[in-house]
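So for the sequence shown, my numbering puts the first residue at 43; every next one is plus one. Cβ coordinates follow ideal geometry from the N, Cα and C atoms, glycine included. The block underneath contains the structure these notes are about, expressed in structure tokens.
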Amino acid sequence: MVRSVGAPTTYLWQVCSNDGRRLNQLTWEGNNEDPSWAPDGRHLAFVGERRWGFGLFVVDVATGRLRPLLAGRRVGLPDWSPALSTGR
């Protein structure tokens, strides 16, 4: 789920229950958009805007560990290839 919490910030959240009451916040800064789930269901790729510009990020949903993959470039609509590993 993408949720705007006071402009200009947009965070990513995971809905953890069927009734939508339990939420897990996945991002904590900047604008975050275009989320794409990895085939393993444990990682989420997304485009994020930070003070230094745009980038492509991956977050480990279980740990909250955020990895920047590409910095300083505007990309859109990230997608996963089933053949690629997340580099665990």
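Compare the C-alpha of residue i against each of the options and name the closest.
i      : options                       : result
Arg109 : Arg116, Pro124, Gly118, Val89 : Val89
Ala113 : Trp55, Thr105, Phe96          : Phe96
Glu75  : Gly83, Arg107, Arg84, Arg92   : Arg92
Gly118 : Pro77, Cys58, Gly83, Thr52    : Pro77
Gly72  : Val100, Thr52, Gly106, Ala104 : Thr52
Pro124 : Pro81, Thr105, Arg107         : Pro81
Give me the Cβ distance between residue i and residue j, rounded to the nearest whole Å; I'm assuming they're in contact under 8 Å.
i      : j      : result
Leu68  : Leu54  : 4 Å
Arg116 : Asp102 : Between Asp102 and Arg116 the Cβ distance is about 24 Å, and since that is not below 8 Å, they are no contact.
What would DSSP say about residue i, mapped onto helix, strand or coil?
i      : result
Val100 : strand
Leu119 : coil
Glu75  : strand
Is the distance from the Cβ of residue i to the Cβ of residue j below 9 Å?
i     : j     : result
Leu98 : Gln56 : no
In terms of DSSP beta bridges, what is residue i paired with?
i     : result
Gly95 : Arg92
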